[in-house]
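Following: one structure in structure tokens, then a few remarks.
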Amino acid sequence: MSERTTAELTALQAALAAEHAAVYGYGVVGGRIREGRRTEARAAYDAHRARRDALAREVRDLGTEPIAASAAYALPFAVPDSAAAVRLAAELEERVAGVYSDVVRAATGARRREAAVALREAAVRAVRWRGGSVAFPGLAERAETGTDPAATGAGAPATKAGPATPASTPATPHTSTPPA
9 MSERTTAELT
19 ALQAALAAEH
29 AAVYGYGVVG
39 GRIREGRRTE
49 ARAAYDAHRA
59 RRDALAREVR
69 DLGTEPIAAS
79 AAYALPFAVP
89 DSAAAVRLAA
99 ELEERVAGVY
109 SDVVRAATGA
119 RRREAAVALR
129 EAAVRAVRWR
139 GGSVAFPGLA
149 ERAETGTDPA
159 ATGAGAPATK
169 AGPATPASTP
179 ATPHTSTPPA
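For any residue, its number in my numbering is found by taking its place in the sequence shown, counting from 1, and adding 8.
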């Protein structure tokens with residue numbers, strides 16, 4: 009496998025891990041969100057499930073076993089009510105956008121275009137949930153932590169693997185919580 013293919017596969021696996029976590033996170037969002045936003049939460053849940061399934065097929069097509077979902081994920085903060093569910097949805101989308109920015113950097117051709125579409129969709133959902141936008145969707149976490157994207161390589165660092173971390177792993181200490 010070429011170095012470029014390895015970098016692309018690493019980025020795809022990180023995106024798949026992020027999608028697994030987003031699907032889990034939207035299960036929590038759906039259980040706490042007020043009635044008026046349930047349709048939006050359901051649409052996002054379905055979109056992440058579809059992306060997850062497509063990524064798993066892509067990874068298999070590259071001759072590798074797709075990363076499996078964890079049984080549970082640690083959320084970045086408690087989600088006791090609808091306002092917290094909205095914040096979680098925005099956080100999920102921001103983190104997914106960040107991981108897709110890594111795929112855009114690592115991939116070429118149709119795979120790169122598809123990753124850019126996924127990044128844009130996540131960024132748009134984040135804006136809808138948050139009620140505002142950022143200059144470079146998917147790069148906000150790097151700007152806050154001072155992480156140099158070139159130094160991280162094509163794969164996402166473990167702290168950016170997805171919207172939530174596996175329950176057996178402590179939550180990321182530098183995770184920012186979007187304003188309510």
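Idealized CB from N, CA, C, for every residue including glycine.
Here's the rule I'm using: 16 or more other beta-carbon atoms within 10 Å means buried, otherwise exposed. How should residue i be labelled?
| i | result |
| --- | --- |
| Ala158 | Its pLDDT being 34, under 50, Ala158 is placed unreliably by the model, and the measurement read from it follows with that caveat. So Ala158 counts as exposed. |
| Glu73 | exposed |
| Glu8 | Because the chain is modelled from 9 through 188, residue 8 falls outside the range shown and cannot be assessed. |
| Gly71 | exposed |
| Pro88 | exposed |
| Arg121 | exposed |
| Gly117 | exposed |
| Val125 | exposed |
| Arg60 | buried |
| Ala76 | exposed |
| Ala22 | buried |
| Ala92 | buried |
| Ala79 | exposed |
So, are the CB atoms of residue i and residue j less than 8 Å apart?
| i | j | result |
| --- | --- | --- |
| Leu100 | Ala64 | no |
| Ala123 | Val111 | yes |
| Glu16 | Ala115 | yes |
| Val132 | Ala30 | no |
| Leu127 | Glu66 | no |
| Glu129 | Ala55 | yes |
| Ala49 | Tyr32 | no |
| Trp137 | Val94 | yes |
| Leu96 | Val37 | yes |
| Ser109 | Arg40 | no |
Where does the unbroken alpha helix (DSSP H) through residue i begin, and where does it stop?
| i | result |
| --- | --- |
| Glu27 | 11-40 |
| Glu48 | 46-69 |
At 4 residues or longer, and completely inside the stretch 83-133: list those alpha helix (DSSP H) runs for me, N to C.
The stretch 83-133 contains these whole alpha helix (DSSP H) runs: 90-114.
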